[in-house]
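A short write-up of the structure that comes next.
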Amino acid sequence: MKKYQIKKYCGAAAVLLAVLICFGLAACTKSDEDQNARSVDVSAADTVVSEVPPEVSLSDMALEIGKGLTYQLKASGGENLTFASSDEGVASVDESGTVTGVSAGECDITVRNEYGNFAACRVAVKKVCYLTFDDGPNEHTESILAALRDNNARATFFVVSSKYLPLSKNMQEQGCVVGLHTYSHEYNICYHTEYSYYWGLDKLSDIVEKHTGTRPYLIRFPGGTHNAVSDPLLMRRVLNGAYDLGYRPFDWTASAGDTSLTHASADYSFEQVKKSCTEDEEIVLMHEKGFNAVALQRIIPYLRDEGYVFETLDKYPGEPYTAKPRYSKRNADVPSRSVRITHKEFSIKVDGNFTLTARMNPSNSTDYVRWESADPSIAIVKADGTVIGISKGTVEIYAITTSGQRGVCKMTVK
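Numbering (this note's numbering), first residue to last: 39 to 452.
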């Protein structure tokens with residue numbers, strides 16, 4: 039064979055060998071990529087298989103609530119939790135877990151996550167009793183609080199001004215609620231004018247807030263809204279003032295009859311409450327008397343056996359409860375058409391004071407007039423229209439009726 043032919047064959051063999059090597063390398067690379075892909079797939083599969091669906095849990099497994107009241111259930115165990123009720127006629131639940139008692143009975147509230155795991159709470163909807171106490175605190179308050187603790191019940195206390203008002207803190211710490219009754223229980227004082235009651239209420243609020251850190255907004259009028267002592271028109275204005283000033287007034291549906299001079303006793307209180315508590319919702323009037331601490335030891339277990347749960351009036355649903363007032367048709371609500379202040383302009387000194395008067399049209403309007411200062415840094419005005427000068431300047435004082443009419447006085451502080 040000639041020399042150039044040998045070189046030719048050798049060159050071709052080298053090219054062929056190079057091609058084969060390239061294919062081999064490509065195949066190896068492809069094989070490695072496939073292997074890596076399979077490894078990634080297996081790793082991903084292992085991750086999915088090893089993930090355990092979260093369990094669902096609820097803050098409560100059993101719950102008692104009153105008809106018309108709500109309770110917030112808290113759930114965990116997933117991002118997409120769905121609540122449902124086994125009987126919407128007994129208790130409903132919204133998407134946030136707020137349960138509302140609809141009617142007496144039992145049902146299950148369930149919460150389920152996206153994986154199908156769920157938890158359930160057994161809900162019993164019952165009748166509601168609001169125990170309330172007037173005319174305290176006094177020397178019997180601590181024994182009444184002890185009776186409530188013994189029976190795991192709460193109550194609402196409508197307090198008056200007394201040396202025992204520091205006990206309002208004890209009431210609050212025990213889960214009870216402090217409401218306002220009156221600064222002075224003398225009818226000729228607290229109902230002297232439509233402003234007298236709220237003037238005293240402001241003083242009482244200041245004291246209670248000092249002891250509890252909270253300014254009460256629940257109130258009960260001495261004698262109730264249907265009392266037979268105050269002037270009907272004046273009482274109507276006082277009642278309208280409650281709503282206008284942001285208070286919630288409450289009367290009662292049942293009474294222990296404990297103010298009777300001849301029958302007052304623990305047995306009598308028990309029998310009266312037993313006889314008068316028949317509805318799904320009862321607001322029971324009692325007073326802070328020593329024998330009522332004994333009566334509670336029978337009243338609470340009896341009502342509980344009758345299907346009641348005990349709540350405080352701050353949980354009362356809807357509008358506040360007031361008994362049908364003692365008003366004739368001529369004293370039904372009469373909106374004001376206008377209001378004027380007897381002085382259009384007036385001057386006082388710093389630290390001086392003067393009481394303004396408002397006149398409504400018509401004069402038999404049942405509106406309540408509240409007073410406001412446009413700039414309290416110059417002059418403040420109290421509930422009864424008394425203006426007090428704070429610093430030099432000029433300020434407008436307003437008389438505003440429940441119906442929204444407004445009178446103006448220009449007040450200059452010198």
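Glycine included, C-beta positions come from ideal geometry on N, C-alpha and C.
Those residues which DSSP pairs with residue i across a bridge
| i | result |
| --- | --- |
| Trp409 | Ala437 |
| Pro91 | According to DSSP, Pro91 bridges with nothing at all. |
| Asp146 | Arg160 |
| Tyr38 | One cannot answer for residue 38 here, as it falls past the ends of the chain, which runs 39 to 452. |
| Ser376 | Asn399 |
| Ala113 | Leu96 |
| His325 | Asp172 |
| Leu218 | Val197, Ile257 |
| Ala129 | Gly139 |
| Pro287 | Ile257 |
| Gly431 | Val451 |
| Val425 | Phe392, Val419 |
| Glu320 | Cys167 |
| Ser293 | Leu323 |
Same chain, Cβ closer than 7 Å to residue i, five either side skipped, listed in chain order
| i | result |
| --- | --- |
| Ser376 | Asn399, Gln443 |
| Pro254 | Val216, Gly217, Leu218, Ser243, Val246 |
| Tyr109 | Leu101, Ile103, Val137 |
| His133 | Note on identity: in this sequence residue 133 is Glu, with His being the wrong assignment. Answer for Glu133: Phe121, listed in chain order. |
| Thr297 | His325 |
| Ala129 | Ser123, Val137, Thr138, Gly139, Val140, Cys145, Ile147, Val161, Val163 |
| Lys312 | Tyr340 |
| Asp240 | Ala421 |
| His381 | Leu394, Cys447 |
Cutoff 8 Å; reference residue i; Cβ partners in own chain excluding five residues on either side
| i | result |
| --- | --- |
| Cys315 | Cys167, Ala292, Val322, Leu341, Glu344, Tyr346 |
| Ala50 | Because the pLDDT of Ala50 is 46, which lies under 50, any placement of that residue in the model is unreliable, and the number read from its coordinates should be weighed accordingly. None. |
| Cys214 | Leu183, Leu186, Arg192, Ala193, Thr194, Phe195, Thr350 |
| His223 | Asp173, Val198, Pro260 |
| Thr393 | Asp422, Gly423, Thr424, Val425 |
| Ser206 | Pro175, Phe195, Val197, Val216, Val246, His249, Thr250 |
Check whether residue i and residue j have beta carbons under 8 Å apart
| i | j | result |
| --- | --- | --- |
| Gly7 | Pro355 | It is not possible to answer for residue 7, since the shown part of the chain is limited to 39 through 452. |
| Pro358 | Arg275 | no |
| Pro260 | Tyr225 | yes |
| Leu119 | Val149 | yes |
| Lys448 | Lys430 | no |
| Ala294 | Gln310 | yes |
| Leu256 | Thr194 | yes |
| Lys112 | Gly135 | yes |
| Ser199 | Tyr229 | no |
| Gly116 | Pro92 | yes |
| Tyr236 | Ala421 | yes |
| Gln210 | Thr263 | no |
| Asp172 | Arg258 | yes |
| Ile379 | Gly445 | yes |
| Ala333 | Ala370 | no |
| Ser307 | Phe288 | no |
Bounding residues of the alpha helix (DSSP H) (the contiguous stretch that carries residue i)
| i | result |
| --- | --- |
| Thr250 | 234-250 |
| Asn208 | 205-211 |
| Ile182 | 179-188 |
| Leu334 | 328-343 |
| Ala280 | 270-282 |
| Ala304 | 304-314 |
| Asn226 | 225-228 |
Continuous beta strand (DSSP E) stretch holding residue i: start and end
| i | result |
| --- | --- |
| Gln110 | 108-110 |
| Thr450 | 444-451 |
| Met99 | Where Met99 is concerned, there is no enclosing beta strand (DSSP E), given that its DSSP letter is neither H nor E. |
| Ile418 | 417-419 |
| Asn391 | 391-393 |
| Gly154 | No beta strand (DSSP E) holds Gly154; DSSP gives it neither H nor E. |
| Ser385 | 383-386 |
| Ser134 | Taken as a continuous stretch (DSSP letters only), Ser134 belongs to no beta strand (DSSP E), as it is neither H nor E. |
| Thr120 | 120-123 |
Inter-residue CB distance, residue i and residue j (contact presumed, cutoff 8 Å)
| i | j | result |
| --- | --- | --- |
| Leu283 | Thr404 | At roughly 15 Å, the Cβ-Cβ gap does not stay under 8 Å, so Leu283 and Thr404 are not in contact. |
| Val94 | Asn155 | 5 Å |
| Val425 | Ile435 | 6 Å |
| Glu326 | Asn208 | Actually they are not in contact, since the Cβ atoms of Glu326 and Asn208 sit about 13 Å apart, beyond 8 Å. |
| Ala412 | Gly427 | Ala412 to Gly427, Cβ: 14 Å. No contact. |
| Tyr202 | Thr179 | 6 Å |
| Lys165 | Glu319 | 7 Å |
Proximal residues to residue i (C-beta, below 6 Å), its chain only, five neighbours per side dropped
| i | result |
| --- | --- |
| Ala75 | The predicted model places Ala75 with a pLDDT of 47, which falls under 50 and marks its position as unreliable; any figure quoted below should be read in that light. Contacts found: none. |
| Ser441 | Pro373, Ser374, Asp405 |
| Glu144 | Ala162 |
| Thr432 | Thr450 |
| Ser114 | Ser95 |
| Met99 | Cys159 |
| Ser401 | none |
| Val407 | Ala396, Ala437, Thr439 |
CB contact below 8 Å: residue i versus chain E
| i | result |
| --- | --- |
| Ile386 | Here chain E cannot be found, since the structure has a single protein chain. |
Residue i: CB within 7 Å of a non-hydrogen atom of the ligand MG
| i | result |
| --- | --- |
| Thr194 | No copy of the ligand MG appears in this structure; indeed no ligand is present at all. |
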